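All residue numbers for the sequence shown refer to this note's numbering, where the first residue is 1208 and numbers rise by one.
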Amino acid sequence: MSAKLERLGQTLRDVFGDVLQKLVIDCGEVTIEVVAADYLQVAQTLRDHADLHFEQLIDVSGLDYSTYGNGTRQGKRFAAATHLLSVKHNWRLRLRAFADDDGFPVLDSLVGVWPSANWFEREAFDLYGIMFSGHPDLRRILTDYGFVGHPFRKDFPVSGYVEMRYDPEAGRVVYQPVTIEPRENTPRIVREENYGDVGHG
């Protein structure tokens, strides 16, 4: 582990203490985990503390841990992983928080801390169904507004629930139940003539 990452890890321990649920330094990356109730305050401190100074949010990713470890993992299902950059100190950090309720996952929005979180949180809402409390305009960003479900959830059916098509008679896009028949794709194997015969090179 590099001295720089060790210094960042120690600074995070000094600043946050017991607020950190987990701090992992692995593969040249630092990840901290906090409870949902501390997520917004920790983010604010990460930005404003002179020894940390994470002035830039790079990404917010939604996560569904329902099948993690072949489904043997115990704990909360949905999380957000926020990727931060300090240009001043030239270091990066991943901040992760799990939503308390798997049935209706909610985390605080970080748009007030880093405005660039806006579209990333909309994406996590759209694809994973994670709500971000305090977001100024939380609506779907990749799927249609009438789309049913959240397609990156591990229990979302591969073929979806409905399909849409343009109906020339109605003059608009219509939704209907999925009509795709499941099929098994078997790869076609092409071999040279006499492949595997003894005595042929």
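No residue lacks a Cβ here, since even glycine has one placed at the ideal position from N, Cα and C.
Note that the structure is a prediction, hence the values are computed from the model and not measured.
If you ignore the 5 residues before and after aspartate 1362, its C-beta comes within less than 8 angstroms of the C-beta of Ser1273, all in its own chain and listed in chain order. Proximity to glutamine 1248 across Thr1279, Ile1232, Leu1227 peaks at Leu1227, based on C-alpha coordinates. Residue environment analysis places isoleucine 1396 among the exposed positions, since fewer than 16 neighbouring C-beta atoms fall within 10 angstroms of its C-beta. By alpha-carbon distance to alanine 1210, the top candidate from Ile1232, Leu1302, Asp1271 is Ile1232. If you look at arginine 1329, you'll find it isn't in any beta strand (DSSP E); it sits in the alpha helix (DSSP H) that goes 1324 to 1335. Cβ contact annotation for aspartate 1271 (same chain, cutoff 8 angstroms, sequence separation greater than five): Arg1284, Phe1285, Tyr1335, Phe1359, Arg1360, Lys1361, in chain order.
Less than 9 angstroms divides the Cβ of alanine 1243 from the Cβ of phenylalanine 1305. Bounds of the beta strand (DSSP E) holding threonine 1289 are 1285 to 1293. In the three-state scheme derived from DSSP, where H, G and I count as helix and E and B as strand, tyrosine 1368 is classed as coil.
Around the C-beta of tryptophan 1326, fewer than 16 other C-beta atoms lie within 10 Å, and the residue is accordingly described as exposed. Just so you know, the alpha carbons of threonine 1350 and isoleucine 1337 end up roughly 15 angstroms apart.
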